[in-house]
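> FYI, numbering that gives the first Met the number 0 numbers position 94 of the sequence shown as 93, with every residue one higher than the one before it. Ideal placement from N, C-alpha and C gives every residue a C-beta, glycine not left out. Given the structure is predicted, the values throughout are model-derived calculations rather than measurements. If you scroll down you'll find the structure; I have some questions about it.
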Amino acid sequence: MDAAALAQFEARAAQAEQRLAVLEAKLAGGSGSGAVDTSRYVAELQSLKGVLLAAAAEQEALEKRVAELESENSKLRYQCLHLKRAVTESDEKLAALQAGK
Numbered sequence: 000m001d002a003a004a005l006a007q008f009e010a011r012a013a014q015a016e017q018r019l020a021v022l023e024a025k026l027a028g029g030s031g032s033g034a035v036d037t038s039r040y041v042a043e044l045q046s047l048k049g050v051l052l053a054a055a056a057e058q059e060a061l062e063k064r065v066a067e068l069e070s071e072n073s074k075l076r077y078q079c080l081h082l083k084r085a086v087t088e089s090d091e092k093l094a095a096l097q098a099g100k
């Protein structure tokens, strides 16, 4: 995944954290409107916690994948450098042999 996808996951996680903070503030405020509202808030908090944990796990997996891809990219660049150097040397040797004939 690219940086844009990672940014989307971070934005969703931040939004979930904000919603969680609002609900926690409402619960801490003691609105006193009854147990029905409290149970609804608890259910919403649990739902948000699940979303937040899933987003965090997905972000961690994406960060690991990015690290793997960066490592692979580095290795491939190294191989390309040496292959290019070998081709150049071979071309020079061939040109020298053809000039010597």
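#1: Kindly list the residues whose CB is nearer than 7 angstroms to the CB of GLY99, restricted to its own chain and excluding five residues on each side of it in sequence; keep chain order.
#2: Mind checking whether LEU5 and LEU68 have CB atoms under 8 angstroms apart?
#3: If we ignore side chains and look at the alpha-carbon of each, how far apart do LEU51 and ARG64 end up?
#4: Do ARG11 and ALA54 have their C-beta atoms closer together than 8 angstroms?
#5: For the alpha helix (DSSP H) that LYS100 lies in, which residues bound it at each end?
#6: Look at the Cβ atom of LEU75, then the Cβ atom of GLU43, and state whether they are nearer than 8 angstroms.
#7: By alpha-carbon positions, which one of TYR40, SER70, GLU88, ALA3 ends up nearest to LEU26?
#8: Quick one: Cα of ASP90 to Cα of ALA66, how far?
Let me lay it out:
#1: Same-chain partners within the cutoff: there are none.
#2: Their beta carbons are not under 8 angstroms apart, which means LEU5 does not touch LEU68 by this criterion.
#3: Using only the alpha carbons, I get a separation of about 20 angstroms.
#4: In this structure, the beta-carbon distance from ARG11 to ALA54 falls below 8 angstroms.
#5: Unbroken run through LYS100: none, as it is neither H nor E.
#6: Result no, Cβ atoms of LEU75 and GLU43 do not sit closer than 8 angstroms.
#7: Ranking the options by Cα distance to LEU26, first place goes to TYR40.
#8: Taking the CA atoms as reference points, ASP90 sits about 36 angstroms from ALA66.
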